[in-house]
Amino acid sequence: MNVTDLLDRAKAQGVMIATAESCTGGMVAAALTDIPGSSAVVDRGFVTYTNEAKQDMLGVQTETLNAHGAVSEQVAREMADGALRNSLAQLAVSITGIAGPGGSEFKPEGRVCFGLAVKGQPTHVETVEFGAPGRDAVRRAARDHALTLLYTALSADA
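Residue numbering for the sequence shown follows my numbering, beginning at 1373 and increasing consecutively.
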């Protein structure tokens, strides 16, 4: 998937993009803004590494965090919805996961939850198990998956 193509599709459709990232620490926003002219379609990126940041910047509910934990589809949904609500974007992607090292029996290293919010449509969430190839590999894989989600959303609208 070519990031330039993603940005070109967004520009052609008049779509602004926002990101809400936890375990990737801004890697998706960086990949988008590495391309000259990206300011035409990238509105903003939220790096919300702590639960407090997720709550303060994106409106993630304390109850959701307590019930499901930060690495959950429920939190990914609230992050994506919050990115749309707190930006000028019509399309937002969120990422929350366990890049490693570590994890637990219930939330293993390499589990990453994604949210994709499109203004006026139900928010899509999914979980991908990347395994434990190491922190850098999980973060890169999560970045690439999020970019693919954005590209696919723009392809569906084309």
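All C-beta atoms, glycine included, are put in the ideal place defined by N, C-alpha and C.
Residue environment, residue i, which counts as buried when at least 16 other CB atoms sit within 10 Å
i	result
T1468	buried
G1386	exposed
S1410	buried
S1459	buried
A1518	buried
M1451	buried
A1514	buried
Q1491	Note on residue identity: the sequence assigns Lys, not Gln, to residue 1491. That one is exposed.
G1474	exposed
A1461	buried
E1481	buried
A1439	exposed
Neighbourhood of residue i by C-beta distance below 8 Å, restricted to the same chain and skipping five residues each side
i	result
K1479	G1441, V1443 and I1470
L1526	L1378, R1381, A1382, Q1385, V1387 and L1463
R1512	M1399
E1445	C1485, G1487, V1497, E1498 and T1499
Where the beta strand (DSSP E) containing residue i begins and where it ends
i	result
T1499	H1496 to E1501
G1487	R1483 to V1490
Beta-carbon contacts of residue i that lie in its chain and below 6 Å, excluding the five residues immediately before and after
i	result
P1494	none
A1391	Note that residue 1391 corresponds to Thr in the displayed sequence, not to Ala. Same-chain partners within the cutoff: V1400, A1401, G1417 and V1465.
G1454	L1430 and G1431
L1404	S1410 and V1414
T1520	M1373
A1489	A1452, D1453, L1456, A1464 and T1495
For residue i: DSSP bridge partner residues
i	result
E1393	V1419 and I1467
V1414	I1389
Extent of the continuous alpha helix (DSSP H) to which residue i belongs
i	result
E1477	Per DSSP, E1477 belongs to no alpha helix (DSSP H) and is neither H nor E.
V1400	M1399 to T1405
L1437	T1434 to H1440
R1446	For clarity, residue 1446 is Gln in the given sequence; the question names Arg instead. Start and end: E1445 to R1457.
Same chain, Cβ closer than 7 Å to residue i, five either side skipped, listed in chain order
i	result
V1419	E1393, G1397 and G1398
A1448	S1466, T1468, C1485, F1486, G1487 and V1497
N1423	L1437 and A1442
G1506	G1472
Q1427	T1434
I1407	V1375, T1376 and L1379
L1522	L1378, I1389, L1463 and V1465
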